[in-house]
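Here the sequence shown stands for residues 11 to 886, where the numbers follow our numbering.
Backbone N, C-alpha and C fix where the C-beta goes; we use that ideal spot for every residue, glycine too.
For clarity, every value in this text was computed on a predicted model and none was experimentally measured.
For reference, the structure is listed below as structure tokens.
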Amino acid sequence: MATEPQQSESGLPESDTALADAPSVEGLENVDDFQPPLGLVARLMDKFRGVASDAQDWVTPANLKLAGFTTVGFLLLFAGIYVATREEGPTNSEKLIEALEFLKTGDDGPAARIAQEIQQEGFQDPDFPGGDQFILGIVAFRQAEKLTEDEGREQKYLVAKSFLEEAQERALTEEYEAQWAYALGLSMYRIGRAKAAQPLLEKAVESYAPGKIESGLLLADTYVYSKTAEDLAKAHELNIAIAASPELNDQQRDRLFLQRAQILYAMDKPTEAEEALANVHAETDGITILRAEVLMKAGKYGEALEKLRPVEAGKGLQQKFPRQARYLMGLCEQRLAQRDRRNQTVHYDAARNYYERTYKQYRGSHEAVAAQLWAADILRRQDFHEKALETYHDVLRQVHNPSDFSNKWIDVKVFRGVILDAWNSWNEMQLYQHSIALSEHMAPLFPAALAREYAALANQKAAQHLEDQLAVADNQKRQQRQSELENRWVRSGQAFALLAAERKTSAEYPTDLWMAAEHFLKGHDYQSAVNYLTLFLNTNPTKQLPAALVLKGRVLMQLHLFEDALKHFQRVITSHPTHVMAFQARLLIGTCYFETDRHELAEQTWREMLISDQLTPAAEEWQDALFGLGKLLHLTCEELAMQAALVEATDQEAAEKLKFTAYRRWDEAIIRLDEYVKRFDLPTKATIDPRHRERTKMLMEARYYLAKACQRSAEYQQTKMKAAETENARNQFFNQMKQLLDQSNSNYERLKTELLLASDAGHIDALGREFLRNCYFEIPNNFFNFQDYHGAVIRYREAAGRYQNHPDALRAMVQEANCYDRLNRPLDARGALAQAKFILEQIPDQDFLEHSEALNKDQWRDWLQWAIELHNRPSA
Numbered sequence: 011m012a013t014e015p016q017q018s019e020s021g022l023p024e025s026d027t028a029l030a031d032a033p034s035v036e037g038l039e040n041v042d043d044f045q046p047p048l049g050l051v052a053r054l055m056d057k058f059r060g061v062a063s064d065a066q067d068w069v070t071p072a073n074l075k076l077a078g079f080t081t082v083g084f085l086l087l088f089a090g091i092y093v094a095t096r097e098e099g100p101t102n103s104e105k106l107i108e109a110l111e112f113l114k115t116g117d118d119g120p121a122a123r124i125a126q127e128i129q130q131e132g133f134q135d136p137d138f139p140g141g142d143q144f145i146l147g148i149v150a151f152r153q154a155e156k157l158t159e160d161e162g163r164e165q166k167y168l169v170a171k172s173f174l175e176e177a178q179e180r181a182l183t184e185e186y187e188a189q190w191a192y193a194l195g196l197s198m199y200r201i202g203r204a205k206a207a208q209p210l211l212e213k214a215v216e217s218y219a220p221g222k223i224e225s226g227l228l229l230a231d232t233y234v235y236s237k238t239a240e241d242l243a244k245a246h247e248l249n250i251a252i253a254a255s256p257e258l259n260d261q262q263r264d265r266l267f268l269q270r271a272q273i274l275y276a277m278d279k280p281t282e283a284e285e286a287l288a289n290v291h292a293e294t295d296g297i298t299i300l301r302a303e304v305l306m307k308a309g310k311y312g313e314a315l316e317k318l319r320p321v322e323a324g325k326g327l328q329q330k331f332p333r334q335a336r337y338l339m340g341l342c343e344q345r346l347a348q349r350d351r352r353n354q355t356v357h358y359d360a361a362r363n364y365y366e367r368t369y370k371q372y373r374g375s376h377e378a379v380a381a382q383l384w385a386a387d388i389l390r391r392q393d394f395h396e397k398a399l400e401t402y403h404d405v406l407r408q409v410h411n412p413s414d415f416s417n418k419w420i421d422v423k424v425f426r427g428v429i430l431d432a433w434n435s436w437n438e439m440q441l442y443q444h445s446i447a448l449s450e451h452m453a454p455l456f457p458a459a460l461a462r463e464y465a466a467l468a469n470q471k472a473a474q475h476l477e478d479q480l481a482v483a484d485n486q487k488r489q490q491r492q493s494e495l496e497n498r499w500v501r502s503g504q505a506f507a508l509l510a511a512e513r514k515t516s517a518e519y520p521t522d523l524w525m526a527a528e529h530f531l532k533g534h535d536y537q538s539a540v541n542y543l544t545l546f547l548n549t550n551p552t553k554q555l556p557a558a559l560v561l562k563g564r565v566l567m568q569l570h571l572f573e574d575a576l577k578h579f580q581r582v583i584t585s586h587p588t589h590v591m592a593f594q595a596r597l598l599i600g601t602c603y604f605e606t607d608r609h610e611l612a613e614q615t616w617r618e619m620l621i622s623d624q625l626t627p628a629a630e631e632w633q634d635a636l637f638g639l640g641k642l643l644h645l646t647c648e649e650l651a652m653q654a655a656l657v658e659a660t661d662q663e664a665a666e667k668l669k670f671t672a673y674r675r676w677d678e679a680i681i682r683l684d685e686y687v688k689r690f691d692l693p694t695k696a697t698i699d700p701r702h703r704e705r706t707k708m709l710m711e712a713r714y715y716l717a718k719a720c721q722r723s724a725e726y727q728q729t730k731m732k733a734a735e736t737e738n739a740r741n742q743f744f745n746q747m748k749q750l751l752d753q754s755n756s757n758y759e760r761l762k763t764e765l766l767l768a769s770d771a772g773h774i775d776a777l778g779r780e781f782l783r784n785c786y787f788e789i790p791n792n793f794f795n796f797q798d799y800h801g802a803v804i805r806y807r808e809a810a811g812r813y814q815n816h817p818d819a820l821r822a823m824v825q826e827a828n829c830y831d832r833l834n835r836p837l838d839a840r841g842a843l844a845q846a847k848f849i850l851e852q853i854p855d856q857d858f859l860e861h862s863e864a865l866n867k868d869q870w871r872d873w874l875q876w877a878i879e880l881h882n883r884p885s886a
């Protein structure tokens, strides 16, 4: 019988106590990488097979517990073996060093893969934090150098630029700074940012020996692009220094002498330039282009075109010279167009063709940018304004930073000049929407604030132009386009608001706010006007403070915030009592009182202005106060007359007092209004003169209220005449009535004449039309009251004929019938009533509602029928 194995203190059979000595799992990092020794595994398997036959006898609760401990120990054993036997991999710092070694030997693939692994792990080496970005940037740069333009070379340079700039931000090591400057400098140059490349190329020339010749040639090119005498001298000096390099190959030597010739031609040294060209081994495309430029400089554009044609037709992989040739051919045709007016269109079309092919095929190149700019200029000159605007926008989008903009063919000054020429031209042609749209794309070629200023000025010009047009247009056209005008002024206000935001720290900021507020006011955007006037006042202006307070008060009045407006006006009077704006503030205080039905305060304010020793009748404020007082007196008299009519049936004495008060005030209203129209009468043409439109409107109102006040005062005299007990008293009242009615008719007739002229010219508004209609009907009413019935009949007929589709025509016909009754002509009276009945049926029902008639159409029909029947009855 088998002997049961003895257990040790560890709980394992004595024969297995070696397992208890297995290594600890402490320090184990990755169990998945563990590989136990094969001999140990074999021994363990043999041991388990040896005990398998005794498994059934051995399985007891105690033994199961023991087995659990054994399993744990077994796992610990495997872990310990892993810790003892595993091999450590390279660190990320070691990987970076390896990648840099690959980069040095030209093994870009492995270098890039390692750099990408490091990048994905987010590792930054403490000694070279930008190392992975540097490697990826150099690899992208080298790939770009091997590509052609059609193979996406520019995109690769952009990728290289991005990586290399990121590497610098993280930090470079001194060892790789020169190579970094060389790669980034060339990348910048290749994507058209030659000026930004300059300092990098200068560093590369100084410290990166492998790229000294290439970076030197390109650096000299950047100096040539600026075309200044100082930079041309630097380019010449650098070119001579490169020539001394023993590493120059034949191709580089040809480039060098070709570049020298370009520099010398630019320095106006043609003899020395020709000597440089003589050192070029063959008549290359570059030499041909240079000779064509010399011909162009001499004005021989036709010869230059012929010399450039074979170069432009070149089909090789190197497209630098065909690209330049095509651009220069466009320039030749453009110059010929400016010279040959007869065939200008032909030359412009040819130039446009060359330019468009250049910028579409070689987008992003120096030639493409210049070609697109000139193509836009030609499109504008040929009146293809929409296409020109689109092309200007496209080329402007290619300028990212004017401070580092450089181009072989155009500089920033020329670029800006072409854009400004287009802006000015469109403004002169009154194509303001084009100049506005162009100015909105001027930044960053122009400083942002300057671009905003051009946009604001263009918007202002557009609004002012439309305002000037409508000022001399007929009233119908003004009404039709009034909304458009207001929108234009609002857009101008918005443009100045944006300008103000851009120049918030400049001295122009308050002026920009003021302009924005004024233009919002003209556009009837009163809330925005208030907002920007508030911002203006917050700048604590000194000279303009009273004017700003008055203007803000006026805007608040438009918003019906009269109490707030009063505070602003009173602040002017209190703080600036002697300022000229104080008088305008007083005038507007009276208007605020008038608009809020505080008539006594308004009257007091205006009376004080009229007797002030600081104002003369020549002052506009004095004139406006006179008009305001006369109008106020007349309107308050109308209110008194209405009150008298309401109480007359119940309180005759009170009614008489009210009438008498009204009569006395009408007398003063007549005096004030008569003085106004006599002092400030304007010639008839002023009704269509935009500079006097507002003043003319006030004069029209004053004349109307004067005529009405005379008419109402005459009615009072007529009442007194009827109540007079003696013939002398009646004659006195009659003469006073006649004098007032004559004065009333005189002003009605004058006003009617002026309004008819304005109406014929289309310069009459709704208020003018209302006054004109009232003149037609009030003149015959005066004749009727004066008992001149023949004269009244003629004028009632004239009024009814002009306004036959207006309910007032019915009143005129009824009054005509009344005249005939007084003339004892009943047949004519019945005829007038019958004609009124006929006219009634021609007037639409809606007109009676629109004109607030006391009688509707049915009621008029019944009344006229009753009147006709009354006249048909035989007299007693």
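Apart from the five residues just before and just after residue i, which ones in its own chain have a Cβ nearer than 7 Å to its Cβ?
i       : result
Glu-376 : One point to set straight first is that residue 376 is His, not Glu, in the sequence displayed. Within the same chain, His-376 has close Cβ partners Gly-202, Asn-417, Lys-418 and Trp-419.
Leu-559 : His-578, Arg-581 and Val-582
Arg-333 : Thr-368, Tyr-372, Ser-375 and Glu-377
Val-687 : Leu-709, Ala-712, Arg-713 and Leu-716
Tyr-536 : Val-565, Gln-568 and Leu-569
Asp-350 : His-357
Ala-181 : Pro-139 and Gly-140
Ser-936 : The shown model of the chain, from 11 to 886, leaves out residue 936, and the question about it has no answer.
Taking residue i and residue j to be in contact with their CB atoms under 8 Å, please state how far apart those CB atoms are, rounded to whole angstroms.
i       : j       : result
Gly-638 : Thr-601 : 7 Å
Gln-208 : Thr-232 : 5 Å
Gln-680 : Ala-712 : In the sequence as displayed, the identity of residue 680 is Ile instead of Gln. Not quite, the Cβ-Cβ distance comes to about 11 Å (not below 8 Å), so this is no contact.
Val-565 : Ala-526 : Going by Cβ atoms, the distance from Val-565 to Ala-526 rounds to 13 Å, so no, they are not a contact pair.
Thr-401 : Gln-382 : 6 Å
Ile-446 : Ala-465 : 6 Å
Asp-677 : Ser-723 : 7 Å
Ala-219 : Asn-249 : About 18 Å; that fails the 8 Å criterion.
For residue i, which of the options has the nearest alpha-carbon?
i       : options                               : result
Ala-822 : Asp-831, Asn-834, Asp-855 and Val-803 : Val-803
Gln-869 : Pro-817, Asn-828, His-800 and Asn-834 : Pro-817
Met-452 : Arg-270, Asp-484, Arg-491 and Asn-411 : Asn-411
His-881 : Val-824, Thr-736 and Gln-489          : Val-824
Gly-195 : Ser-103, Glu-343, Gln-852 and Leu-168 : Leu-168
Glu-826 : Gln-329, Leu-850, His-800 and Ser-493 : His-800
Val-321 : Val-304, Met-306, Leu-300 and Tyr-311 : Leu-300
Val-428 : Val-405, Gly-296, Leu-750 and Arg-805 : Val-405
Trp-499 : Ala-511, Gln-486, Asp-478 and Ala-283 : Asp-478
Leu-509 : Tyr-542, Ala-483 and Ala-323          : Tyr-542
Ser-756 : Ala-302, Ile-789 and Ala-468          : Ile-789
Short of 8 Å in beta carbon distance, which residues of its chain neighbour residue i, apart from the five on each side in sequence? Order them along the chain.
i       : result
Ile-878 : Arg-840, Leu-843, Ala-844 and Lys-847
Trp-876 : none
Glu-631 : Phe-593, Gln-594, Arg-596, Leu-597, Met-619 and Leu-625
Trp-873 : Leu-865
Does any CB atom of chain C fall closer than 9 Å to the CB of residue i?
i       : result
Met-452 : Reference to chain C is not applicable here, since this structure consists of a single protein chain.
Give me, in chain order, the residues of the same chain whose beta-carbon lies closer than 6 Å to that of residue i; leave out the 5 immediate sequence neighbours on both sides.
i       : result
Lys-641 : Tyr-715
Asp-42  : Because the pLDDT at Asp-42 is just 38, under 50, the model does not fix this residue reliably, and the value given afterwards should be weighed accordingly. Taken in chain order, the list of residues that qualify is empty.
Phe-213 : The sequence given here places Lys at residue 213; Phe does not occur at that position. Closer than 6 Å at the Cβ level, and outside the excluded window around Lys-213, lie Ala-191.
Leu-74  : Residue placement at Leu-74 is poorly supported in this model, since its pLDDT is 44, which falls under 50; the coordinates are not used for a value here.
- Query: Using 8 Å as the threshold, is the segment 139-146 in touch with the segment 106-118, meaning 3 or more CB pairs across them?
  - Reply: The answer is yes - the segment 106-118 touches the segment 139-146, with three or more Cβ pairs under 8 Å.
- List in chain order: all unbroken alpha helix (DSSP H) runs of 4+ residues lying wholly within the segment 574-627. Runs of the alpha helix (DSSP H) lying entirely within the segment 574-627 and spanning at least 4 residues, in chain order: 590-605 and 609-620.
- May I ask you to verify whether the segment 388-399 touches the segment 213-228, counting CB pairs closer than 8 Å and requiring at least 3? These segments do not touch.
- Segment contact flag, the segment 129-138 with the segment 175-186, C-beta cutoff 8 Å, min 3 pairs: Enough Cβ pairs lie closer than 8 Å, so yes.
- Message: If contact is defined by three or more beta carbon pairs under 8 Å, each pair taking one atom from either stretch, is the segment 499-507 in contact with the segment 519-536?
- Response: Enough Cβ pairs lie closer than 8 Å, so yes.
- Query: So, do the segment 289-297 and the segment 264-278 have three or more beta carbon pairs nearer to each other than 8 Å?
  - Reply: Note that the segment 289-297 touches the segment 264-278; at least 3 beta-carbon pairs, one per stretch, sit closer than 8 Å.
- Query: In chain order, which beta strand (DSSP E) runs of at least 3 residues are fully inside the segment 719-789?
  - Reply: Listed in chain order, nothing qualifies, since the segment 719-789 has no complete beta strand (DSSP E) run of 3 or more residues.
- Query: Would the segment 722-735 and the segment 743-751 be scored as touching if the rule is three or more Cβ pairs under 8 Å?
  - Reply: Contact between the segment 722-735 and the segment 743-751 is present, with at least three C-beta pairs closer than 8 Å.
- Which ranges would you report for the alpha helix (DSSP H) in the segment 227-266 if only whole runs of at least 4 residues count? Counting only runs of 4 or more, we get 239-253.
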